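> Once you've had a glance at the structure underneath, I'll fire off some questions.
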Amino acid sequence: MEGEENVAASRDEQDVERASCGDDGDAQGEGREWSRIPTECLCGPCVLGVDEAGRGPVLGPMVYAACFCPLTCKDNLEELKVADSKVLSEKQRDEIFQRLRTMPSVGYLVQALSPNYISNCMQRRHKYNLNALSHDTAIGLIQRALDGGVKLAEVYVDTVGVAQRYEERLRAVFPGIEIAVRAKADALFPIVSAASICAKVTRDSMLKSWKFVEAFENPDADYGSGYPNDPKTRAWLTRCMNPLFGYPRLVRFSWSTVQTALQDSISIKWEHEDEEEEGHTNNGKTSLLSFLNRTSLPSQHPLSLPPHRYFKERSLCQVLTLWSLASLRWAAVFFLESSGFLLALLPCTPFLFSVFLMVEA
1 MEGEENVAAS
11 RDEQDVERAS
21 CGDDGDAQGE
31 GREWSRIPTE
41 CLCGPCVLGV
51 DEAGRGPVLG
61 PMVYAACFCP
71 LTCKDNLEEL
81 KVADSKVLSE
91 KQRDEIFQRL
101 RTMPSVGYLV
111 QALSPNYISN
121 CMQRRHKYNL
131 NALSHDTAIG
141 LIQRALDGGV
151 KLAEVYVDTV
161 GVAQRYEERL
171 RAVFPGIEIA
181 VRAKADALFP
191 IVSAASICAK
201 VTRDSMLKSW
211 KFVEAFENPD
221 ADYGSGYPND
231 PKTRAWLTRC
241 MNPLFGYPRL
251 VRFSWSTVQT
261 ALQDSISIKW
271 EHEDEEEEGH
281 TNNGKTSLLS
291 FLNRTSLPSQ
301 HPLSLPPHRY
311 FKERSLCQVL
321 TLWSLASLRW
331 AAVFFLESSG
341 FLLALLPCTP
351 FLFSVFLMVE
361 A
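Position one of the sequence shown corresponds to residue 1 (UniProt numbering), numbered consecutively onward.
Okay, here's the thing in structure tokens:
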């Protein structure tokens with residue numbers, strides 16, 4: 001009990017803490033925020049809700065939030081008249097968020113994922129899609145609440161992807177906690193509505209205070225809501241595209257809206273593209289004939305193709321081909337087997353010689 005009080009006291013000293021996160025060094029638009037953990041949440045069973053803001057926009061971060069309180073205090077949220085953040089005005093959201101921050105029995109956690117981080121995840125060689133990213137972020141928020149000492153008994157999450165699969169995964173990660181994944185959870189459960197408001201207010205605040213770190217011309221901030229169907233957003237994307245460098249980090253490069261716009265930018269010919277074109281046909285695809293007729297098409301043989309960019313960037317060169325390695329292997333096996341066979345015949349040499357003489361006679 002003393003340890004729990006110390007945790008609560010340390011949280012009370014700093015009502016809100018922030019820390020940068022992510023592996024790309026982009027602290028802007030990517031970070032964490034959490035409130036103090038109420039003492040009541042360290043002692044009795046609690047309920048937690050998870051929701052996000054900014055999943056669909058082409059601009060700005062995606063923000064996930066978790067809000068939690070004791071089961072005995074759920075009625076206090078209803079008195080705040082919390083609702084889905086999308087049906088509330090900006091003023092109403094700000095007012096409710098400020099009241100949530102001052103409620104002694106309510107705590108919250110926020111995770112913001114920068115546009116740059118989202119784009120990097122979605123454009124990896126092995127794609128880390130938005131659903132998987134959302135699931136892992138929600139799991140991270142729940143785990144952080146548990147690590148902070150919150151006694152979670154119930155968790156409610158808004159649907160991302162297939163609700164049943166998402167719920168099964170959460171139950172597997174957090175056994176012993178009652179978990180429900182529902183469509184429109186922010187309209188069904190007040191605790192999820194509160195999380196929705198925390199996420200939306202945080203995202204709006206980050207967009208308003210966004211500072212462009214790019215060295216080229218500083219774009220204006222009249223970009224609207226950030227959604228692709230917003231006329232202001234589309235006009236901003238057209239107005240602020242640099243023909244050589246594209247867009248600043250505020251923009252999610254993995255969105256089709258941006259990829260379409262970048263088709264009008266200056267084309268760049270990379271060195272490795274020229275090299276790959278030699279002995280390469282069909283837009284980088286090797287013809288099946290190159291595998292079937294190696295003598296007539298030596299230039300298209302797979303072994304004559306240039307190395308992959310991964311090896312070139314690391315200055316790795318090919319010492320032996322697979323064919324050479326296979327040949328060496330079989331030669332070694334043949335030699336060892338032959339040597340063993342000859343050695344086995346040595347004790348029988350007199351007998352074999354006599355048999356040979358009898359046959360000759």
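Glycine included, every Cβ here is placed at the ideal spot set by N, Cα and C. Model, not experiment: these values are computed from the prediction.
Counting only runs that start and end within the segment 204–272, where is the alpha helix (DSSP H) found for 4 or more residues in a row?
231–239 and 256–261
> Are the beta-carbon atoms belonging to PRO243 and SER267 less than 8 angstroms from one another?
For the purposes of this step, residue 243 is taken as the residue at position 243 of the sequence shown. For the purposes of this step, residue 267 is taken as the residue at position 267 of the sequence shown. No, they are not a contact pair.
> I want to know whether the segment 223–243 touches the segment 64–83 - three or more CB-CB distances under 8 angstroms.
These segments do not touch.
> For ALA194, is the classification buried or exposed, using 16 other Cβ atoms within 10 angstroms of its Cβ as the cut-off for buried?
Locating residue 194 in the sequence shown gives position 194, counting from the first residue. Classification for ALA194: buried.
> Between PRO115 and VAL251, how many whole angstroms is the CB-CB distance? I'm expecting something under 8 angstroms.
Translated into the one-based positions of the sequence shown, residue 115 becomes position 115. Translated into the one-based positions of the sequence shown, residue 251 becomes position 251. Going by Cβ atoms, the distance from PRO115 to VAL251 rounds to 6 angstroms, so yes, they are a contact pair.
> Looking at the structure shown, is TYR64 part of a helix, part of a strand, or coil, going by DSSP?
If you number the sequence shown from 1, residue 64 lands on position 64. Collapsing the DSSP output to three states places TYR64 in a strand.
> Roughly how many angstroms lie between the CA atoms of LEU152 and ALA261, to the nearest whole one?
Locating residue 152 in the sequence shown gives position 152, counting from the first residue. Locating residue 261 in the sequence shown gives position 261, counting from the first residue. Spanning the two alpha carbons is a distance of roughly 46 angstroms.
> Which one of GLY161, VAL47 and GLU154 has the shortest CA to CA distance from ASP136?
Taking the sequence shown and counting its residues from 1, one reaches residue 136 at position 136. Measuring from the Cα of ASP136, the nearest candidate turns out to be GLY161.
> Below 8 angstroms between beta carbons: does that hold for LEU109 and ALA145?
As a working mapping, residue 109 is identified with position 109 in the sequence shown. As a working mapping, residue 145 is identified with position 145 in the sequence shown. In contact: LEU109 and ALA145 (Cβ atoms closer than 8 angstroms).
> From the DSSP output, in three-state form, read off SER35 for me.
To locate residue 35, count along the sequence shown from 1; it is residue 35. Three-state result, SER35: strand.
> Specify the secondary structure class of ARG182 as computed by DSSP and reduced to three states.
Here residue 182 is taken as the residue at index 182 of the sequence shown, counted from 1. ARG182 falls in the strand class under three-state DSSP.
> Could you have a look at GLY107 and say whether DSSP puts it in helix, strand or coil?
Walking along the sequence shown from the start, residue 107 turns up at place 107. If DSSP states are grouped into helix, strand and coil, GLY107 belongs with the strands.
> What's the gap between the Cα of ASN293 and the Cα of ARG309?
The residue labelled residue 293 in the question sits at position 293 within the sequence shown. The residue labelled residue 309 in the question sits at position 309 within the sequence shown. Below a pLDDT of 50, predicted positions are generally treated as unreliable, and ASN293, at 42, falls in that range; the measurement from the model is reported next regardless. Roughly 27 angstroms separates the two Cα atoms.
> Taking the C-alpha atoms as reference points, what is the distance between PRO307 and VAL50?
For the purposes of this step, residue 307 is identified with residue 307 of the sequence shown, where counting begins at 1. For the purposes of this step, residue 50 is identified with residue 50 of the sequence shown, where counting begins at 1. The alpha-carbon atoms of PRO307 and VAL50 are separated by roughly 46 angstroms.
> On the premise that ALA185 lies in contact with TYR156, defined as a C-beta separation below 8 angstroms, what is that separation, rounded to the nearest angstrom?
Taking the sequence shown and counting its residues from 1, the one referred to as residue 156 is at position 156. Taking the sequence shown and counting its residues from 1, the one referred to as residue 185 is at position 185. 6 angstroms between Cβ atoms; contact.
> How long is the line joining the alpha carbons of residue 389 and GLU313, rounded to whole angstroms?
No answer is possible for residue 389: the residues shown for the chain start at 1 and end at 361.
> If you check the beta carbons only, do LEU170 and ILE179 fall under 8 angstroms apart?
Taking the sequence shown and counting its residues from 1, one reaches residue 170 at position 170. Taking the sequence shown and counting its residues from 1, one reaches residue 179 at position 179. Yes, Cβ-Cβ distance for LEU170 and ILE179 is below 8 angstroms.
> DSSP beta-bridge partners for LEU113?
What you label residue 113 is simply residue 113 of the sequence shown in a count that begins at 1. Looking at the DSSP assignment, LEU113 forms a beta bridge with MET62.
> Taking Cβ positions, are ARG239 and VAL213 nearer each other than 8 angstroms?
If you number the sequence shown from 1, residue 239 lands on position 239. If you number the sequence shown from 1, residue 213 lands on position 213. Against a cut-off of 8 angstroms, the Cβ pair of VAL213 and ARG239 comes out as no contact.
> Who are the Cβ neighbours of LEU141 in its own chain at under 8 angstroms, not counting the five residues just before and after it?
Counting from one through the sequence shown, the residue named residue 141 turns up at place 141. The residues are VAL50, TYR64, ALA65, ALA66, LEU109 and GLN111.
> Taking a contact to mean a Cβ-Cβ separation below 8 angstroms, would you say GLY246 touches PRO57 in this structure?
In the sequence shown, counting from the first residue as 1, residue 246 sits at position 246. In the sequence shown, counting from the first residue as 1, residue 57 sits at position 57. Not a contact, by the Cβ cut-off of 8 angstroms.
> From the DSSP output, in three-state form, read off GLY56 for me.
If you number the sequence shown from 1, residue 56 lands on position 56. Of the three classes helix, strand and coil, the one that applies to GLY56 here is coil, per DSSP.
> When you compare each of GLY176, GLN92 and ASN120 to GLU154 by their alpha carbons, which one comes out closest?
Mapped onto the sequence shown, residue 154 falls at position 154. Nearest C-alpha to GLU154: GLY176.
> Mind checking which residues open and close the beta strand (DSSP E) that includes TYR128?
By one-based count along the sequence shown, residue 128 stands at place 128. Premise fails: TYR128 is in no beta strand (DSSP E) and is neither H nor E.
> Terminal residues of the continuous alpha helix (DSSP H) containing GLU167?
For the purposes of this step, residue 167 is taken as the residue at position 167 of the sequence shown. Looking at the DSSP string, the run of the alpha helix (DSSP H) that includes GLU167 is 163–173.
> What is the DSSP secondary structure of CYS198, counted as helix, strand or coil?
Here residue 198 corresponds to residue number 198 of the sequence shown, with the count starting at 1. CYS198 falls in the helix class under three-state DSSP.
> Does the beta-carbon distance from GLU90 to ASP204 come in below 8 angstroms?
For the purposes of this step, residue 90 is taken as residue 90 along the sequence shown, with counting starting at 1. For the purposes of this step, residue 204 is taken as residue 204 along the sequence shown, with counting starting at 1. Yes, the Cβ-Cβ distance between GLU90 and ASP204 is below 8 angstroms.
> When you compare each of CYS198, SER134 and CYS46 to TYR117 by their alpha carbons, which one comes out closest?
As a working mapping, residue 117 is identified with position 117 in the sequence shown. TYR117 has its Cα closest to that of SER134, out of CYS198, SER134 and CYS46.
> Compute the Euclidean distance between the alpha carbons of SER105 and CYS46, then round it to the nearest angstrom.
Position 105 of the sequence shown, counting from 1, holds the residue named residue 105. Position 46 of the sequence shown, counting from 1, holds the residue named residue 46. Approximately 10 angstroms, taken between the alpha carbons.
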